[in-house]
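Novice: Those protein sequences? They're chains D and Y, same order as listed. All residue numbers for the first sequence refer to our numbering, where the first residue is 241 and numbers rise by one. All residue numbers for the second sequence refer to our numbering, where the first residue is -1 and numbers rise by one. For every residue, glycine included, the Cβ atom is placed at its ideal position computed from N, Cα and C. Fair warning: this is a prediction, and the values are worked out from it, not measured in the lab.
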Amino acid sequence: MPIEVKNLTHTYMKGTMSEVTAISDISFKIDDGEFVGLIGATGSGKSTLIQHLNGLLKPSSGTVLVDGVDIWSKGVSLKQVRRKIGLVFQYPEQQVFEETVYEDIAFGPRNLGYSQTEIEARVETACRLVGLDTELLSRSPFELSGGQVRRVAIAGILAIQPKVLILDEPTAGLDPRGRTEILDNIKQLHETGMTVILVSHNMDAVARLCERVMVLEKGKLVFDGSAREVFAQREFLESKQLKPPEVTILMEKLRQRGWAVRNDVLTVEEAYAEIIKELPRRGVAGVL
Amino acid sequence: MTPVDKPCGLEAKGVFFRYGVDESDKVLALAGVDLEISQGEFVVVLGPNGSGKSTLAKHLNALLLPDEGDVWVLGMNTKEPEFTWEIRRSAGMVFQNPDNQLVATVVEEDVAFGPENLGVEPPEIRKLVAGALEAVGMGAFRRHSPHHLSGGQKQRVAIAGILAMKPKCIILDEPTAMLDPSGREEVMKTVKQLNEEMGITVIHITHFMDEALYADRVIVMDKGEIAIVGTPREVFSQWQDMAQLGLEVPPVGQLSRRLWSAGIDIDPGILTVDELVDELCRLKSRI
C-alpha cells in the first residue's frame, strides 16, 4: 500500500494577514515495508506533512495517493484511509481518556464495529506488539508510568491494524529506559512488515533505525535519501538545525587528522570496526 | 569563579518528602537526601522517571517543603516563610515546556515580569532586562513576540527572565526535552556560559546523558535517594550500575570502553569526541 505525495502545499489561514505556508511543493513516494525517518527543526512542517498522509489535513494544492487513489477524490472514505494509516500524535498519553487500559485500546476497533471476540483478540495482539503486560488491562491508564501510557496510546492505534504506522516524536519526554523500550517496539513492528514513518529529534535513533531519511526545512523537502548519505553531511545538517550522531562526527574528525576511516558510520559498532583496524593492540584483550 | 563555602550554596539534610493526601496512599518521593552544592557549581541530576529529581529540585527553591529534614538556600531555611520570596528570587526555575512559561506578547516585557513583581524601579528594570537578554544572546529579539521564536530561543528568554532577578542559582527541570538538536545545544551552551562567566550555580535535570558532560558533578537519583555521585567520568565509569537504572553511557564513552576492552591502549573513561580523537591520534603516532 504505497503512499505517494505529489506537489503537496499547505497554507494555514489562507487569504488572511497571518497566512503561513507550512509545507510547499513536496513530492515523494513511500513503498511497503519502508522505515522512513522524517527530521527537521521545530516548525519545519513535519507534523503538518504527516497529518496529510491519513487525511487529517486537506492539501491547499497537490495530491496524496494511497494505493494509487487520491484520498480527496469523490467516493473515497477517509475513515478507510485512517484504518490503513495509523498516526500516533506527539504526547499521545494526553489523548488517553477511558477508565481502563482495555477500554482505551479497544476504542478504535469498537468504533469500526468489530465483534466482541474480534475486539478482544485485537487488544491482546496490540498489547503483545508493544510489550504491554495484559495484567495492566484492567488498570486505569492514569496509574501507569509515562512509558507505559505511551505504549497504551500506541497499542490503541495498532488495534486498528494499520498497514502504515506514523509516529510523531514517540520518545519525547520519556526517560532513557522508556525511550529504549519504545524504540525497540517500533523496530519489531517494522520487522513484522509494517511501513513505519518516524518523526524525531533523536538523531541517534533515526540513524540506527531508519533506512531512508527525509529532511524538511521551512516547509520544503531538502533531502530524501539513505540515512548513511545524509548523516555523513554534517555541514548540511547543521545548516538545517540538525546534527549527525556523535560517532559520525568522530569519524569526520579522524579523517581530518589523516585517518583512512569511512565517513558514513552510524553506530558505535560500526565506528569500533573502523577504528580497530587502524590501531595496534595493547596485548591480551582487556588486560593492561 | 571559585566555589565558596556554604552558607552561600545549597544544602539539603535528611530530606524526606511524601506525595498524597491520605496517610494510606502516600508515595515516598524523597527518602533521606543529603546534598551540598557550592556556589558556582554546575550540577546535573540524572535518574529514571519517578526517582525524585523534580521533587528534589522543587525543594531547592521552596516550591516544596520537606516533611522531615531541612533545606537551606544561601543559608536561608526554606521552612521559614519570611525567606520564601528571597529564596525564589535567588534560585529561579526553568521548566520543560517553553510555551507554558512565557506570558507577555513582547520578549522584553516577558523578561521584565520578574523584576516588576519585585517592585524594582523602571530605569533599573530596563537595565536588568537589557543585560539579561544580552547574557543569553537574545538582545536582538527584545521587541519580538515570543510566539514566533524557536524552542531554543524561547527557553533562552525564560532563562533571561530569571537572570533579570539577579539570582545566585538557576534550576532547570528538563529544559531541553522538547527541543530540536540545535535548540538543545543552544540552551546548554547558554547555561554553561552563565555558569562560567557569572558564577551562577546551575542545577540541571535531564534525561539526555550527553548533557551530563557539561557538569562539574553528576548526581544520579533512584527511588528518592542519591544513588551515585561524582564527576561525569566517575559516574559513567560505573556503567553497570547506571545500566541497572536504564541510563546508558553516551556513545563516545561506549566506544572508548569497547576499544579499551579489545586491547587498545586508551583511557576507557573518555566521553567526548575531541578527547577520543586526540587520544587515538596520539596512539597512532606511536606506530
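Under a CB-based cut-off of 7 Å, is ASP408/D close to chain Y?
Specialist: Position 168 of the first sequence holds residue 408/D. Chain Y, which has no Cβ nearer than 7 Å to the Cβ of ASP408/D, makes this no.
Novice: Against chain D, with Cβ distances strictly below 7 Å, would GLY149/Y count as a contact?
Specialist: Sequence index remark: in the second sequence, residue 149/Y carries index 151 (1-based). It does; some Cβ of chain D falls within 7 Å.
Novice: Could you please give me the residues that DSSP links to GLU66/Y through a beta bridge?
Specialist: Against the second sequence, residue 66/Y aligns to sequence position 68. For GLU66/Y, which the question treats as bridged, DSSP gives the partners PHE14/Y.
Novice: Between ILE489/D and chain Y, is any beta-carbon pair separated by less than 7 Å?
Specialist: Residue 489/D sits at position 249 when you count from the first residue of the first sequence. Cβ-Cβ to chain Y under 7 Å: yes for ILE489/D.
Novice: Examine chain C for any beta-carbon lying closer than 7 Å to the beta-carbon of ASN47/Y, and answer yes or no.
Specialist: Of the chains in the structure shown, none is chain C; the protein chains are D and Y.
Novice: Who are the near neighbours of LEU116/Y in its chain, counting only those whose CB is closer than 7 Å to its CB and skipping five residues on each side?
Specialist: For the purposes of this step, residue 116/Y is taken as the residue at position 118 of the second sequence. If we look at LEU116/Y and ignore the five residues flanking it on each side, its Cβ neighbours are ARG87, MET163.
Novice: Output, in chain order, the set of chain D residues within a Cβ distance shorter than 9 Å of VAL25/Y.
Specialist: Counting from 1 along the second sequence, the entry for residue 25/Y is found at position 27. None at all; the shortest Cβ gap to chain D is about 12 Å.
Novice: Using a Cβ-Cβ cut-off of 8 Å (strictly less than) and excluding sequence neighbours within five positions of ILE224/Y, which residues of its own chain qualify?
Specialist: By one-based count along the second sequence, residue 224/Y stands at place 226. Once the five neighbours on either side are set aside, the close Cβ partners of ILE224/Y are VAL31, ASP32, LEU33, ILE217, VAL218.
Novice: With a cut-off of 8 Å on the beta carbons, I'd call GLN320/D and PHE329/D a contact; round off their distance for me.
Specialist: To locate residue 320/D, count along the first sequence from 1; it is residue 80. To locate residue 329/D, count along the first sequence from 1; it is residue 89. Going by Cβ atoms, the distance from GLN320/D to PHE329/D rounds to 20 Å, so no, they are not a contact pair.
Novice: Thinking C-beta only, is SER267/D closer than 7 Å to ASN294/D?
Specialist: Working through the first sequence from its first residue, we reach residue 294/D at position 54. Working through the first sequence from its first residue, we reach residue 267/D at position 27. Result no, Cβ atoms of ASN294/D and SER267/D do not sit closer than 7 Å.
Novice: Excluding five sequence neighbours on each side, which residues of the same chain lie with their C-beta closer than 7 Å to the C-beta of LEU494/D?
Specialist: In the first sequence, residue 494/D corresponds to position 254, counting from 1. Excluding positions up to five away in sequence, the list reads VAL501.
Novice: Roughly how many angstroms separate the alpha carbons of VAL2/Y and GLU195/Y, rounded to a whole number?
Specialist: In the second sequence, residue 2/Y corresponds to position 4, counting from 1. In the second sequence, residue 195/Y corresponds to position 197, counting from 1. Its pLDDT being 42, under 50, VAL2/Y is placed unreliably by the model, and the measurement read from it follows with that caveat. Rounded to the nearest angstrom, the two C-alpha atoms are 16 Å apart.
Novice: Classify ILE268/Y as buried or exposed, calling it buried when 16 or more other Cβ atoms lie within 10 Å of its own Cβ.
Specialist: As a first step, residue 268/Y must be located in the second sequence, where it is residue number 270. By the neighbour-count rule (16 or more Cβ atoms within 10 Å), ILE268/Y is buried.
Novice: Is SER180/Y close to chain D, meaning its C-beta is less than 7 Å from at least one C-beta of that chain?
Specialist: For the purposes of this step, residue 180/Y is identified with residue 182 of the second sequence, where counting begins at 1. It does; some Cβ of chain D falls within 7 Å.
Novice: Can you list the residues of chain D that CYS279/Y reaches, using a CB-CB cut of under 9 Å?
Specialist: Counted from its first residue, the second sequence places residue 279/Y at position 281. In chain order: LEU494, ARG497, GLY498, TRP499.
Novice: Skipping 5 residues on each side, what residues in its chain have a beta carbon closer than 7 Å to that of LEU28/Y?
Specialist: Looking up residue 28/Y in the second sequence gives position 30. Answer for LEU28/Y: VAL13, PHE14, PHE15, GLY50, THR53, LEU54, GLY222, listed in chain order.
Novice: To the nearest angstrom, how far is the alpha carbon of LYS517/D from that of ARG474/D?
Specialist: Counted from its first residue, the first sequence places residue 517/D at position 277. Counted from its first residue, the first sequence places residue 474/D at position 234. Near 24 Å, if we compare the C-alpha coordinates of ARG474/D and LYS517/D.
Novice: Check whether the Cβ atoms of PRO349/D and ARG362/D sit closer than 7 Å, and answer yes or no.
Specialist: Numbered from 1 along the first sequence, position 109 holds the residue referred to as residue 349/D. Numbered from 1 along the first sequence, position 122 holds the residue referred to as residue 362/D. Result yes, Cβ atoms of PRO349/D and ARG362/D sit closer than 7 Å.
Novice: Should the segment 96 to 116 of chain Y be called in touch with the segment 127 to 146 of chain Y, which here means at least 3 C-beta pairs below 8 Å?
Specialist: Enough Cβ pairs lie closer than 8 Å, so yes.
Novice: Could you tell me which uninterrupted beta strand (DSSP E) segments, each at least 3 residues in length, are contained entirely in the segment 286 to 319 of chain D, listed from first to last along the chain?
Specialist: Runs of the beta strand (DSSP E) inside the segment 286 to 319 of chain D: 301 to 306.
Novice: Under the three-state reduction of DSSP, which class applies to PHE463/D: helix, strand or coil?
Specialist: For the purposes of this step, residue 463/D is taken as residue 223 along the first sequence, with counting starting at 1. DSSP places PHE463/D in strand when its eight states are reduced to three.
Novice: I'd like to know whether the C-beta of HIS441/D is nearer than 7 Å to at least one C-beta of chain Y.
Specialist: Walking along the first sequence from the start, residue 441/D turns up at place 201. Yes, contact with chain Y.
Novice: Is ASN193/Y closer than 7 Å to VAL200/Y when the C-beta atoms are compared?
Specialist: On the second sequence, position 202 is the one that residue 200/Y refers to. On the second sequence, position 195 is the one that residue 193/Y refers to. It is a contact, given that the beta carbons lie within the stated cut-off.
Novice: With a 10 Å radius around its C-beta and 16 neighbouring C-beta atoms as the bar for buried, classify VAL524/D as buried or exposed.
Specialist: As a working note, residue 524/D is residue 284 in the first sequence. Annotation note: pLDDT 48 at VAL524/D (below 50); position unreliable, no value reported.
Novice: Cα-Cα, which of SER259/Y, ASP265/Y, ASP272/Y, SER254/Y is closest to ILE508/D?
Specialist: Taking the first sequence and counting its residues from 1, one reaches residue 508/D at position 268. The question names Ile, but residue 508/D in the sequence shown is Val. Of the candidates SER259/Y, ASP265/Y, ASP272/Y, SER254/Y, the one whose C-alpha sits nearest the C-alpha of VAL508/D is SER254/Y.
Novice: Below 7 Å CB to CB, which residues in the same chain sit around SER533/D once its five sequence neighbours on both sides are set aside?
Specialist: The first residue shown for chain D is 241 and the last is 528, placing residue 533/D beyond what the model contains.
Novice: Residues of chain Y with a CB under 7 Å from the CB of TYR252/D: which are they?
Specialist: Indexing the first sequence from 1 puts residue 252/D at position 12. Chain Y residues near TYR252/D: none, gap ~14 Å exceeds 7 Å.
Novice: For PHE40/Y, is the classification buried or exposed, using 16 other Cβ atoms within 10 angstroms of its Cβ as the cut-off for buried?
Specialist: Residue 40/Y sits at position 42 when you count from the first residue of the second sequence. Counting Cβ neighbours within 10 Å, PHE40/Y comes out buried, since at least 16 surround it.
Novice: If you compare alpha carbons, which of PRO179/Y, SER283/Y, GLU9/Y, ALA260/Y is closest to GLY73/Y?
Specialist: Indexing the second sequence from 1 puts residue 73/Y at position 75. Of PRO179/Y, SER283/Y, GLU9/Y, ALA260/Y, the residue nearest in Cα terms is GLU9/Y.
Novice: Alpha carbons only, please: which of ASP208/Y, ILE168/Y, ALA213/Y, ASP178/Y is nearest the one belonging to LEU477/D?
Specialist: Here residue 477/D corresponds to residue number 237 of the first sequence, with the count starting at 1. With distances taken between Cα atoms, LEU477/D lies closest to ASP178/Y.
Novice: Under 7 Å between C-beta atoms, does VAL250/Y make it to chain D?
Specialist: The residue given as residue 250/Y occupies position 252 in the second sequence. Yes, VAL250/Y lies at the interface with chain D (some Cβ there is under 7 Å from its Cβ).
Novice: So what does ARG452/D bridge to, in DSSP terms?
Specialist: Start at 1 with the first residue of the first sequence, and residue 452/D comes out as number 212. Beta-bridge pairing links ARG452/D to VAL276/D, SER466/D.
Novice: Taking the Cβ atom as the reference point for each residue, do VAL118/Y and THR188/Y lie within a distance shorter than 7 Å?
Specialist: Position 120 of the second sequence, counted from the first residue, corresponds to residue 118/Y. Position 190 of the second sequence, counted from the first residue, corresponds to residue 188/Y. It is not a contact, given that the beta carbons lie outside the stated cut-off.
Novice: Please confirm whether GLY386/D has its beta-carbon closer than 7 Å to some beta-carbon of chain Y.
Specialist: In the first sequence, the residue the question calls residue 386/D occupies position 146. Judged by the 7 Å Cβ criterion, GLY386/D is in contact with chain Y.
Novice: Quick one: using the 10 Å Cβ neighbour count with 16 as the cut-off for buried, is HIS441/D buried or exposed?
Specialist: Position 201 of the first sequence, counted from the start, is the residue given in the question as residue 441/D. Buried, because 16 or more other Cβ atoms sit within 10 Å of the Cβ of HIS441/D.
Novice: Assign ILE400/D to one of three DSSP states: helix, strand, or coil.
Specialist: Taking the first sequence and counting its residues from 1, one reaches residue 400/D at position 160. Coil.
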